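Numbering (the numbering used here), first residue to last: 192 to 548.
Just so it is clear, CB atoms sit at the ideal spot from N, CA and C, and this is done for glycine as well.
Predicted model, so just to flag it, every value in this text is computed and none were measured.
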């Protein structure tokens, strides 16, 4: 099952709207087939593993990180493929909360005489499938907030000027986080200040870059920005307010940018409506990367499911910009809804990870 979980992680960031599942077929103690959800969500992990196993699948055990599907979608049910392959036993980490499955996959397998056991490595599987679970149960993506923080709790220089807080090793880790996310989100303030590309810049992984999402109530995204210039290669979605000028939407659309609109309150976008809009488009894992105002807004509305704090060794001073605009860092780190789940050293920096209880 650990191998299945590792294989499933290969699909994180490119399997949406489907969950990134891993599957391993084993017979007589030998791995005879491995599979993971392919880009775009299909083929599914189970059929990939069965295809690799071939005739040897008859009488084998299949380990899978999520209950095999039992409904007809764009492909036939995986449960039927497992039955047809002659698998004798299925070990599943987690029942699928999708009401179109929700135990029905197990029932179909058992009805065909296949032994089924569930719950092995369930906690790890819940983390791996957090985006799928959140989207099914709450109609929104799993939200991971990333913050780079100085020793004195700052995120930028005076005047909101950017500064390198962490070293190369940590920046490489951030690019890996991007590659494992379906979408990355920033506010228009960050775009206007930094003109970021928001791509995955690890060697050979540009195509693994997530959808780039910009919160832009008035649709001020400059047509000359790096995001707009690369929109035909890596998707850019701009979220504007319902009353933003239509001519600005048209100018962005003409350059390949997808524009969506949600209600605003006091000039700020409705974050819950925003997340529902992203989920409707298939996004399951959202990485919120900037800036301090956007980060604070997600914390205020208790929409952070996971927080990754990157602590660098530098100090900015009292005139720097706080990591959470208008909020103490304790609003996140001491939140009753989040718990510290891990600390590690990355180069000269420290990474802290918080997860929803």
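Under the DSSP assignment, residue 306 falls in the beta strand (DSSP E) whose first and last residues are 306-309.
For residue 262 and residue 292, the gap between their C-alpha atoms comes out near 7 Å. For the set 229, 371, 321, the Cα lying nearest the Cα of residue 203 is the one of 371. Around the beta-carbon of residue 193, fewer than 16 other beta-carbon atoms lie within 10 Å, marking it exposed. Assignment of beta-bridge partners to residue 513 by DSSP yields 345. Nearest C-alpha to residue 404 among 481, 456, 309: 481. Inter-segment contact for the region 359-368 and the region 538-546 is present: three or more beta-carbon pairs are separated by less than 8 Å. When DSSP states are grouped into helix, strand and coil, residue 546 belongs to the strand group. Here the region 346-357 does not lie against the region 466-475, with fewer than 3 beta-carbon pairs under 8 Å apart. Separation of residue 407 and residue 288 (C-alpha to C-alpha, rounded to the nearest whole angstrom) is 33 Å. Counting the other CB atoms within 10 Å of its CB gives residue 209 a total of 16 or more, which places it among the buried residues.
Secondary structure of residue 487 (DSSP, three-state): helix. By the neighbour-count definition (other C-beta atoms within 10 Å, threshold 16), residue 235 is a buried residue.
The shortest C-alpha to C-alpha distance from residue 504 to any of 341, 418, 368 is the one to 341.
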